[in-house]
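Asks: Residue numbers (our numbering), protein chains in the order written: chain X, 17 to 230; chain P, 17 to 230. The beta-carbon is built from N, C-alpha and C at its ideal position, and this holds for glycine as well. Here the structure is a predicted model, which means the values were calculated and not measured.
1. What would DSSP say about residue 74 of chain P, mapped onto helix, strand or coil?
2. Who are the neighbours of residue 226 of chain X on chain P, taking C-beta pairs under 7 Å?
3. By Cβ distance below 6 Å, which residues in the same chain neighbour residue 223 of chain X in space, the five residues on each side in sequence not counted?
4. Are residue 181 of chain X and residue 21 of chain X closer than 7 Å when you measure CB to CB?
5. Just to check my reading of the structure: residue 25 of chain X and residue 129 of chain X have Cβ atoms closer than 8 Å, yes? What is that Cβ distance to the nearest angstrom?
6. Is the CB-CB distance between residue 198 of chain X and residue 170 of chain X below 7 Å?
7. Within 10 angstroms of its Cβ, does residue 230 of chain P collect 16 or more other Cβ (buried), or is it exposed?
8. Based on DSSP bridge pairs, tell me the residues matched to residue 179 of chain X.
9. Quick one: what's got a C-beta closer than 6 Å to residue 232 of chain P's C-beta in the same chain, skipping five residues either side?
10. Assign residue 196 of chain X to buried or exposed, taking buried as 16 or more other Cβ atoms, counted over all protein chains shown, within 10 Å of its Cβ.
11. Taking the alpha-carbon of residue 110 of chain P as reference, which of P/158, P/140, P/168, P/225 has the nearest alpha-carbon?
12. Would the beta-carbon of residue 134 of chain X be found less than 6 Å away from any heavy atom of the ligand SAM?
13. I need the boundaries of the beta strand (DSSP E) containing residue 215 of chain X, first residue and last residue.
14. Would you list, in chain order, the members of the region 81-111 of chain X that have their beta-carbon closer than 8 Å to a beta-carbon of chain P?
15. Cutting at 7 Å between CB atoms, please list the residues of its own chain near residue 118 of chain P, excluding the five before and the five after it.
16. Provide the residue span of the beta strand (DSSP E) that contains residue 25 of chain P, from first to last.
17. Residues of chain P with a CB under 8 Å from the CB of residue 118 of chain X: which are they?
18. Which partner residues of residue 120 of chain X appear in the DSSP bridge assignment?
19. Quick check on residue 50 of chain P - is its C-beta less than 7 Å from some C-beta in chain X?
20. Does residue 184 of chain X come within less than 7 Å of chain P when only Cβ atoms are used?
21. Out of curiosity, what's the CA-to-CA distance linking residue 32 of chain P and residue 212 of chain X?
22. Closest Cβ-Cβ distance between residue 214 of chain P and chain X: below 7 Å?
23. In chain order, what are the residue ranges of uninterrupted alpha helix (DSSP H) at least 4 long that sit wholly in the region 125-176 of chain P?
24. Answer with yes or no whether the minimum CB distance from residue 204 of chain P to chain X is below 7 Å.
25. Cβ closer than 7 Å: which chain X residues qualify as neighbours of residue 219 of chain P?
26. Using the beta-carbon of each residue, which ones in chain X are nearer than 9 Å to residue 79 of chain P?
27. The alpha helix (DSSP H) with residue 54 of chain P in it runs from where to where?
28. Measure from the alpha carbon of residue 178 of chain X to the alpha carbon of each residue in X/191, X/159, X/158, X/147, then state which is nearest.
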């Protein structure tokens, strides 16, 4: 099977922002309300962070339940991994996700500030100072023949798109405007020269955008 | 994890028929054109019977790629297994699906005419003369903790619905009328007292109907 590079369940505002301005430990999405961007996912039965029973099994759940389907590794930017910028003051920070992060695969964190790998639950975090191509080669090798997820944030997705390394993308566009912050696009039509695009409105209010290579 | 009972990728006409009149070896869907009912699935990248590369990765592909996701067994009716009716004349018939059927799990065929189990590729077919409840107990036990798919045809889905044993259903309703044949419903609204229902139109022309228990 061909290994593919996928973006999954990436949440955007209607004006194309994946996070607001002023990101910090207390406001990981800056001035954006994370519930307004990602609430659709939290309502589904297969949301990885779901702790109580219940949840929906409709369209939105198909995309959350696909999150781990044939994924063997993730690549993320350092700004997704944590709120720190620049050199590490110490190594206490181990990500936002507690003792059992939802990845269950190797995760490669792109950063100019290297630190040792560590394991939490079924997830091992590695730190790379590498180009998208170099990082992808390592992630493919670690993925056991499966696909590689580009986990974000916006800048990392943008870098992999600019390097033309992305095969498929799912983005959920929420009915909220942010005005400023980390912007992926002015319009999804910027990508339709290279990708097929399906826009599928969900009863939850988000519009799922499915892209795949032409 | 709770084991669930799921109907997946079940194709219907707009007037609620899953197969036409006059089913036979040469016309397994009777007077219905199988391409008109199921062509949406054949166009996707993850259609189990796909032999050539290519195919779409949009909404329709999410439902075909979910076909094997957490499924540990299937229950089907004898009329899905083959065109014969009544007593077996011989045991030459081993299903429609060739040497590697797309199930890759135990499959329980409901019939009053028992015959020995046999294995093709990763699929083992068992034959049961049993109620829906009894068949489901055997399928759950064989499913290794995973879910059980009710594979059809119409009469079998109807029996499991009537016994209130179905947890989730996905049906793809095609823009074609059949007028006669094997009918699942006059309207999907017959089920909304017991199930949530989302209707999601696909660019392929089918309307996906996602049901889950209230």
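Replies: Here's the rundown:
1. The answer is coil: DSSP assigns residue 74 of chain P none of H, G, I, E or B.
2. Per Cβ cutoff of 7 Å: 73, 74, 75.
3. 189, 215, 217
4. yes
5. The pair is not a contact, with the Cβ atoms about 27 Å apart (cut-off 8 Å).
6. Yes, the Cβ-Cβ distance between residue 198 of chain X and residue 170 of chain X is below 7 Å.
7. exposed
8. According to DSSP, residue 179 of chain X bridges with nothing at all.
9. Because chain P spans 17 through 230 in this model, residue 232 of chain P falls outside it and cannot be assessed.
10. Residue 196 of chain X should be labelled exposed.
11. P/140
12. The model depicted lacks the ligand SAM and carries no ligand whatsoever.
13. From DSSP, the beta strand (DSSP E) with residue 215 of chain X extends over 211-217.
14. 81, 82, 85
15. Result list for residue 118 of chain P: 64, 65, in chain order.
16. 21-29
17. Neighbours of residue 118 of chain X on chain P: none; closest Cβ ~16 Å, over 8 Å.
18. Answer by DSSP bridge pairing: none, since residue 120 of chain X is not bridged.
19. Chain X contact via Cβ: absent.
20. yes
21. 31 Å
22. yes
23. 148-158
24. no
25. 214
26. 78
27. Where residue 54 of chain P is concerned, the enclosing alpha helix (DSSP H) stretches over 50-58.
28. X/147
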